[in-house]
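Line by line, the protein sequences are chains A and B.
Using the working numbering, count along the first sequence one by one with no gaps and you end on 220.
Using the working numbering, count along the second sequence one by one with no gaps and you end on 1149.
To start, the structure itself, in structure tokens.
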Amino acid sequence: MNKSIFFVLGGLLLITLFVCPLVLAADPGGTDVSGQLTKDNPIIVDKAGKSIRLLAEVNGKYFFQPTRHAVVSKNGSNGDKSVFGAFAEPQAFCDGLLQIGAKAGENMTLANKETTRVKGDVLDVTVTWPGAKKSYTLDEVIKDSNKKPIVMRFGGNLATAKDKKTGCLLCLDSCPVGIVSNDAYTYGAVEKRKEVTFMGNKDVLPKDGTQVVVTIKLKK
Amino acid sequence: MGNNIRDHAGIVIKVGSGAAAARLSAVGLVIGFMITILSNHWVWLDMRFNSGVIIPIFVVLGGIIGLGTGLSFSFRVFLLLEAICMAVWLIDYGFDLDALLVVPASLIRDGLRVHTLTLPEINLGLVLVVMAGNLAWLPGALRTTGKKN
């Protein structure tokens, strides 16, 4: 047999020996970061406090390149495209918002998305994690290149969200699919018209893979 | 170097070696990585397409072509490709060590959908694969040295 094949097989064996233990040592899941939130119980609805807490993970990729997604369910087709990957589904999130008394705008459609800003109740969104100095606002953890404040509104859109299966929970421009989205921009501001770029703030957020708690509270 | 195998029907099939497969896989890794970096700048595409999948596709494609044809590149060409890849990276991300530790690994993670691995674990695997890719030229280099002696 050719001597070179021994080299290649030796190299592959070496890689396998190194990589296999890494695969076996992977996170078994179910880490508790807030006393109650876990991967199996990723959403808590506090009706009295009119707030929802979501368990999510930081995606470090978007510290260095732009995205139009703040929080997306990891099971959705856009699960890798957001600053925070959540473990909750759009249905549970939408139900939770209705339970705390939030009213959905339901004014966004696939036809009007580029000319319409999302309506619905305004929501305060904060993010914290073990070891964080405080709860940070979305404006502090996601950088808008225009420095415009992010105004998250409960758009609704559950039927479209279930149809598209993107997993979108909180989008950074007005969206006909995301349950909640930012009324500061219309759809296409990020991808098409390049009016703005959004990136995770690496100076504030913890490293990639850190579990965080995203709190969405109905603004009075 | 490839070997020619004659089957019973008299058809000649050129078969490449494992070394050629490893070399072209390494070339595929570098080219795939370059394309992925460049495509990441197109936000519209990045939001719709998992560009990380380009890397494993090019690695496997390179391996199949190398195994099937024995086609190979000189080490100098491979080094030139690596240098171009590095230049593309530096133009896009600059000398940002944090970006270097996060972006390539996250592209691999998304491409292979290995979300149970951490970025440092993927980086370790990536370093080993790149080293193995460079070492794939070693047997040829040793043979050349042997002939000279």
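Glycine residues also receive a C-beta, built at the ideal position from the N, C-alpha and C atoms.
In this text, all values refer to a predicted model and were calculated from it rather than measured experimentally.
Coil, strand or helix - residue i by DSSP
i, result
"F249 of chain A", "The question about residue 249 of chain A has no answer, for chain A in this structure spans 1 to 220."
"I43 of chain A", "strand"
"Q223 of chain A", "With chain A covering 1 to 220 only, the question about residue 223 of chain A has no answer from this structure."
"L1128 of chain B", "helix"
"V1102 of chain B", "helix"
"N182 of chain A", "strand"
"R1109 of chain B", "helix"
"M1086 of chain B", "helix"
"G1066 of chain B", "helix"
"S1025 of chain B", "helix"
"T128 of chain A", "strand"
"L22 of chain A", "Bear in mind that a pLDDT of 44 at L22 of chain A, under 50, signals an unreliable position, so the number given afterwards is only what the model happens to contain. Three-state DSSP puts L22 of chain A in a helix."
"F187 of chain A", "Sequence check: residue 187 of chain A is Tyr here, not Phe. Correct three-state label for Y187 of chain A: coil."
"L170 of chain A", "strand"
"R153 of chain A", "strand"
"D1092 of chain B", "helix"
"S1072 of chain B", "coil"
"E1121 of chain B", "helix"
"T197 of chain A", "coil"
Chain A contact residues for residue i, given Cβ-Cβ distances below 7 Å
i, result
"N1040 of chain B", "Q65"
Chain-order list of residues whose beta-carbon lies under 7 Å from that of residue i (same chain, five-residue window excluded)
i, result
"T109 of chain A", "P176"
"D27 of chain A", "Low confidence applies here, because D27 of chain A scores a pLDDT of 41, under 50, leaving its location unreliable; read the following figure in that light. Cβ neighbours of D27 of chain A beyond the five flanking positions: none."
"H1115 of chain B", "R1109"
Residue i: contacting residues in chain B (beta-carbon distance under 8 Å)
i, result
"D203 of chain A", "Under the 8 Å cutoff, chain B gives no residues; its nearest Cβ is about 10 Å from D203 of chain A."
"R117 of chain A", "The contacting residues do not exist; R117 of chain A stays about 20 Å from chain B at best."
Close Cβ partners of residue i (< 8 Å) along its chain, the five nearest in sequence each way excluded
i, result
"K246 of chain A", "Because residue 246 of chain A is not part of the residues shown, which for chain A are 1 to 220, the question remains open."
"G1032 of chain B", "I1054, I1055, P1056, I1057, F1058, V1059"
"L1100 of chain B", "W1089, Y1093"
"T210 of chain A", "E57, V58, W129"
Chain B residues whose Cβ lies nearer than 7 Å to that of residue i
i, result
"E191 of chain A", "V1043, W1044, M1047"
"R68 of chain A", "M1047"
Same chain only: Cβ atoms within 6 Å of residue i, ignoring 5 sequence neighbours per side
i, result
"L1107 of chain B", "T1036, G1052"
"F93 of chain A", "L169, I179"
"G1063 of chain B", "A1021, S1025"
"V141 of chain A", "V127, N201, V204, L205"
"K164 of chain A", "V177"
"L55 of chain A", "L37, P42, F87"
"L138 of chain A", "V125, I150"
"V1081 of chain B", "Here the sequence assigns Leu to residue 1081 of chain B, which means Val is not the residue at that position. So the list reads V1030, once near-sequence residues are dropped."
"L172 of chain A", "R68, A70, N182, F198"
Burial state of residue i, where buried means 16 or more other Cβ atoms lie within 10 Å
i, result
"V1103 of chain B", "buried"
"T115 of chain A", "exposed"
"F1049 of chain B", "exposed"
"K61 of chain A", "buried"
"I1084 of chain B", "exposed"
"H1041 of chain B", "exposed"
"W1044 of chain B", "exposed"
Contacts of residue i in chain A (Cβ-Cβ under 9 Å)
i, result
"L1119 of chain B", "G60, K207, D208, G209"
Partners in chain B for residue i, counting only beta-carbon separations shorter than 9 Å
i, result
"K220 of chain A", "Residues of chain B passing the Cβ test: none, with the nearest at roughly 34 Å."
Any C-beta of chain C under 8 Å from that of residue i
i, result
"V1103 of chain B", "In the structure shown, chain C does not exist; the protein chains are A and B."
Amino acids of chain A, ordered along the chain, whose beta-carbon sits closer than 8 Å to that of residue i
i, result
"N1050 of chain B", "D80"
"A1026 of chain B", "Under the 8 Å cutoff, chain A gives no residues; its nearest Cβ is about 10 Å from A1026 of chain B."
"S1106 of chain B", "N59, G60, K61, D208"
Exercise. Three or more beta-carbon pairs under 8 Å between the region 95-115 of chain A and the region 154-170 of chain A, yes or no?
Worked result: Contact between the region 95-115 of chain A and the region 154-170 of chain A is present, because at least three Cβ pairs lie under 8 Å.
Exercise. Three or more beta-carbon pairs under 8 Å between the region 1063-1078 of chain B and the region 1119-1131 of chain B, yes or no?
Worked result: Because the criterion of three Cβ pairs below 8 Å is not met, the region 1063-1078 of chain B and the region 1119-1131 of chain B do not touch.
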